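Chains as they are written, first to last, in our numbering: chain V, 9 to 428; chain X, 195 to 617. Cβ coordinates follow ideal geometry from the N, Cα and C atoms, glycine included. Predicted model only: the values in this text are computed from it and were never measured. I have placed the structure first, in the form of C-alpha cells, so that the comments after it can refer back to it.
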C-alpha cells in the first residue's frame with residue numbers, strides 16, 4: 009500500500025510540475041500578447057485618425073507607398089512620443105550625466121530623467137489600486153469602488169496633512185498614511201457589510217459608493233476643505249506629512265514607490281503564507297466549501313472589502329503625500345477602472361499586478377506626451393485598456409489570432425449573479 | 195452563495211416582515227423629525243396644477259391648497275398604521291406598500307418644502323418623467339437581458355456609444371430619424387459584442403461589461419476630442435426632436451401635460467414598458483425567455499435554443515439601451531458631451547432590481563429616481579438650504595438601500611450571471 013501511494017505521489021508531482029509549467033506560459037504569454045495586440049489596434053486607430061495619413065490614403069492609387077509611409081509615420085510619431093514621454097531619451101540622459109560630471113550642474117541630467125521618474129510616480133497609485141482589486145478578486149469579490157476609495161483616502165490623508173501643524177514627521181507622516189488607509193477601508197467596508205449581511209451585489213454598491221464619493225468630495229472641495237482662493241483645491245499639506253523625495257526638483261520620485269513595492273510584498277505574503285490569506289482564497293474559490301469547513305464567509309467578505317478599500321485608500325494617500333501635496337477635483341481620473349484592467353492583466357497575483365502597474369504607468373505618463381507632441385487624444389489609452397481587458401478575459405481570442413494551443417489554466421469564477 | 199440569511203425560509207420571512215415593519219416606523223419617524231417638526235400651524239402649501247398653457251381647449255383647474263401640518267400628520271399617521279399592520283400581520287402586496295410609502299414620503303417632503311410658497315406640481319411631474327426616461331430605458335434593457343440570465347453591466351458604455359453615433363449621423367444627414375435609427379442599431383451591435391463574448395467565449399459577464407464600459411467611455415471621449423470638438427456644426431449639432439402633443443389627451447388636466455406632450459423617445463419608452471410587459475408575461479416567446487433565465491438546462495431539454503434566445507434578448511436589450519442613448523443627444527440637448535450619461539446606466543440597473551426584474555416595476559422605480567434627479571433644480575427655487583451635492587447623492591444612496599432588500603425581496607432570475615454549457 010505504501011509503495012502504491014509513493015508511486016502515485018511521484019506521478020502527481022510530475023503532473024503538477026507540467027501543469028505549473030504550462031500555466032506559467034499561459035499566464036505570461038496571454039497577457040503579453042494581449043497588451044501587444046491592444047497596442048497594435050491602438051496603432052491602427054492612430055493611423056486612421058491622423059490627418060496626414062488620411063490624405064495620403066486618398067491618393068492611394070497614385071502613390072501607394074506614400075500612403076503606407078504616412079500611416080507608419082503617424083503611428084511611429086505617436087508611439088515614439090509615448091516612449092520618449094514615458095521613458096526619456098537615452099541620449100539626453102548620457103549627455104546630462106556627462107555635463108553633471110563636467111560642471112556640477114545637475115539641471116540637464118535631472119530633466120532627462122524626468123520622464124522615467126514620472127512613469128514610476130504614475131505607477132505608484134496603480135500598484136496600490138491594482139492590489140486592492142486583485143485582493144478582492146482573490147476573495148471572489150468585484151471591487152469597482154477603487155476610484156471612490158482612492159478619492160476618500162486622498163481627502164482624508166490630505167486633511168490630516170494640512171490641518172495638523174507642528175507635529176514631527178515621524179508621527180505626522182504615518183498618521184496621514186493611516187488616515188488614508190482607514191478612510192478607504194471604511195468606504196470599502198460599507199458595500200462589504202451590505203454584501204455580507206444582505207447579499208446585495210457589491211458591483212452596483214461599489215459603483216454607487218463611487219458616485220457618492222465624487223459628490224462628497226465636490227462638496228468638501230468647494231466648502232469645508234477648500235483653501236483660500238478660487239480653485240476648488242485643498243491647502244497644501246505640511247512638509248512634515250510629505251513622503252520625502254529622492255531627488256531635487258523637478259523630479260517627483262518619492263518614497264511612495266518603494267512603499268508600494270513593500271505593500272505588494274506584504275500582500276503576497278499575506279495571501280500565500282498566512283492562514284487568513286488562505287481563508288480568503290478559499291472563500292473566493294468556493295464559498296460553499298469554505299463555509300462547510302467552518303470559515304466564516306460573512307466575516308471574510310467584510311474583511312476582504314475593508315482591506316481592499318484600505319489599499320485603494322493608500323493609493324490616494326501615496327498620491328497626495330508623495331506626489332501632488334494637495335487634492336483637487338478630478339483628482340483620481342480613472343485610476344479605479346484602470347486598476348481593474350491591472351488586476352486582470354496581473355492575474356490577481358501581486359507580482360503580476362506590480363508588472364502590469366509599471367506598464368500602465370508608462371502608458372499613462374506617455375499618453376500625455378502623445379497628446380501634446382503628436383496630437384493624439386489621451387483617451388486612446390482607455391481604448392487600449394478596454395481591448396486588453398477583453399483579450400485577457402477571453403484568452404480564446406488571442407489563442408485564435410496567434411494560433412496558440414495551451415493547457416487549460418485556472419479561471420477564478422467572479423460572477424454569481426446579483427447575490428443569492 | 196448563501197451568505198445572507200434574510201431570503202428563503204419561513205422563519206426568515208417572518209424576520210423580514212418584522213424588519214420591514216421597523217423600517218416603516220423609521221420612515222414615519224423621519225417624516226416627523228425632518229418635515230412635520232419644522233412647520234408652524236396655519237401654514238399652507240399651494241400646488242399649481244396648470245402649465246400656464248392658455249391655448250384653446252385647456253381646462254384650467256384651481257390650485258391645490260393644502261394645510262401643511264394637518265396634511266403631514268395625516269400622512270405620518272397612515273404610515274404608522276401601515277407599519278403596525280406590517281409588524282403584526284404582514285402586508286401581502288409588498289410592491290403596493292413600497293409604492294405607497296414612497297408616495298407618502300415624497301408628498302410630505304413636497305408639502306414641507308412648499309410651506310407658504312407656491313410650487314408647480316405639474317411641471318415637477320413632467321420633468322420627473324423626462325429625467326426618468328433614460329433610466330427606464332436602461333432598466334428595460336437590463337430586464338430583457340437578465341430575464342434570459344445575461345448580466346449586462348455594459349449599459350453605460352452602450353448608451354454613450356449610441357448617443358454619439360446618433361447625434362453624429364443626425365448632424366451629417368440633417369435628419370433626426372436617421373440619428374435615432376443609427377443609435378438603436380449601434381446599441382444592438384455593441385450588445386451583440388457583449389453577447390458574443392459572454393455566450394461564445396464564456397467571458398465572465400461582469401468583466402465583459404466593465405471592459406465595454408471602459409472602451410465605450412474611451413472611444414467616445416477620443417472621438418469627441420479628436421473630431422467633434424473641432425467641428426461642432428458639421429458633426430455635433432443635430433437639433434432635437436420636438437414635442438408632439440397628442441390631440442385630445444393632452445388637454446386632460448394634470449395627466450395631459452405630463453404624459454401627452456412629450457417627444458417621440460419618451461412616447462416610445464412608455465410604449466415599450468407596456469409592450470415588453472405583455473411580451474414577457476403573456477406570449478410564448480416571453481415564457482421561453484424566462485425559462486432560459488430560470489433553468490436553462492430544462493429549457494434546453496424542451497428544445498429551446500438557449501444560446502439563440504440569449505443572443506436575441508441581449509441584442510434587443512441593446513437596441514433599447516441604444517434608444518436610451520439617443521435620448522441624451524437627439525432627444526435632449528442636440529450634441530454629445532463627454533461622459534454625458536453620468537451613471538444613468540447603473541442607476542437603471544438599480545431601478546431594474548428595485549422593480550424586481552419586471553418592466554412595470556422598473557418603470558415605477560425609474561420615476562422615483564427621475565424625481566430625485568429633477569428635484570435638485572427645484573430645491574434652489576424653493577429656497578432649501580441643503581447643498582446640491584447631497585441632493586445629487588440621494589439617488590445613489592437610495593439605490594444602495596434598495597439593494598439591501600430591506601424594502602422587499604430582490605430575487606433575480608435563477609440562472610442570472612452563469613454561462614450555459616450545452617451538454
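Spatial distance of residue 172 (chain X) from residue 219 (chain V) (CA atoms): No information on residue 172 (chain X) is available, as it lies outside the stretch 195 to 617 that chain X covers here.
Local Cβ density within 10 Å of residue 113 (chain V), reported as buried at 16 or more and exposed below that: exposed
Option in X:350, X:360, X:449 and X:373 with minimal Cα separation from residue 409 (chain X): X:350
Nearest-angstrom Cα separation, counted from residue 57 (chain V) out to residue 285 (chain V): 47 Å
Other residues of its chain near residue 233 (chain V): CB distance less than 6 Å, five sequence neighbours each side excluded: 242
Same chain only: Cβ atoms within 8 Å of residue 457 (chain X), ignoring 5 sequence neighbours per side: 434, 435, 436, 437, 438 and 525
Residue 551 (chain X), buried or exposed, once every other Cβ within 10 Å from all chains shown has been counted against 16: buried
Buried or exposed by the 16-neighbour rule on C-beta atoms within 10 Å, applied to residue 348 (chain X): buried
Euclidean distance between Cα positions of residue 375 (chain V) and residue 588 (chain X): 36 Å
Neighbour-count burial assignment, residue 302 (chain V), 16 or more Cβ in a 10 Å radius: exposed
Exposure of residue 352 (chain X), with buried meaning 16 or more beta-carbon neighbours within 10 Å: buried
Spatial neighbours of residue 553 (chain X) in its chain, beta-carbon cut-off 7 Å, leaving aside the 5 residues before and after: 334, 337, 467, 470, 471 and 474
Any chain V beta carbon closer than 8 Å to residue 508 (chain X): no
Cβ-Cβ distance between residue 452 (chain X) and residue 316 (chain X) below 8 Å: yes
The stretch 135-147 of chain V contacting the stretch 351-369 of chain V, beta-carbon criterion three pairs below 8 Å: yes
Other residues of its chain near residue 295 (chain V): CB distance less than 7 Å, five sequence neighbours each side excluded: 148 and 305
Host beta strand (DSSP E) of residue 238 (chain X) (start-end): 238-242
Cβ-based contacts, 8 Å cut-off: residues of the stretch 397-409 of chain X near chain V: 397, 398, 399, 400, 401, 402, 404, 405, 406, 407, 408 and 409
C-beta atoms of residue 166 (chain V) and residue 334 (chain V) nearer than 8 Å: yes
Inter-residue spacing [alpha-carbon to alpha-carbon] between residue 410 (chain V) and residue 382 (chain X): 29 Å
Proximal residues of chain V, C-beta to C-beta of residue 411 (chain X) below 9 Å: 342, 345, 387, 390 and 394
Proximity of residue 568 (chain X) and residue 265 (chain X) at Cβ, strictly below 8 Å: no
Neighbourhood of residue 329 (chain X) by C-beta distance below 7 Å, restricted to the same chain and skipping five residues each side: 538, 541, 542, 545, 560, 563 and 564
The stretch 316-327 of chain V in contact with the stretch 265-277 of chain V per 3-pair CB rule at 8 Å: yes
Chain X within 8 Å of residue 378 (chain V), Cβ atoms only: no
Span separating the alpha-carbon of residue 534 (chain X) from that of residue 412 (chain X): 13 Å
Separation of residue 513 (chain X) from residue 402 (chain X), as counted between CA atoms: 18 Å
Within chain V, the residues that residue 420 (chain X) reaches when beta carbons sit closer than 7 Å: 57 and 385
Other residues of its chain near residue 128 (chain V): CB distance less than 7 Å, five sequence neighbours each side excluded: 261, 265 and 369
From V:216, V:110 and V:130, residue whose alpha carbon lies closest to that of residue 590 (chain X): V:216
Straight-line gap, residue 158 (chain V) to residue 192 (chain V) (C-alpha atoms, nearest Å): 7 Å
Interface positions of the stretch 567-596 of chain X facing chain V (Cβ-Cβ less than 8 Å), listed along the chain: 581, 583, 584, 586, 587, 590, 591, 593 and 594
Proximal residues to residue 386 (chain V) (C-beta, below 6 Å), its chain only, five neighbours per side dropped: 375 and 379
The stretch 64-89 of chain V: positions lying closer than 8 Å to chain X by Cβ: none
Spatially closest choice to residue 97 (chain V) from V:400, V:377 and V:134, by CA coordinates: V:377
Test: residue 227 (chain V) CB closer than 8 Å to a CB of chain X: yes
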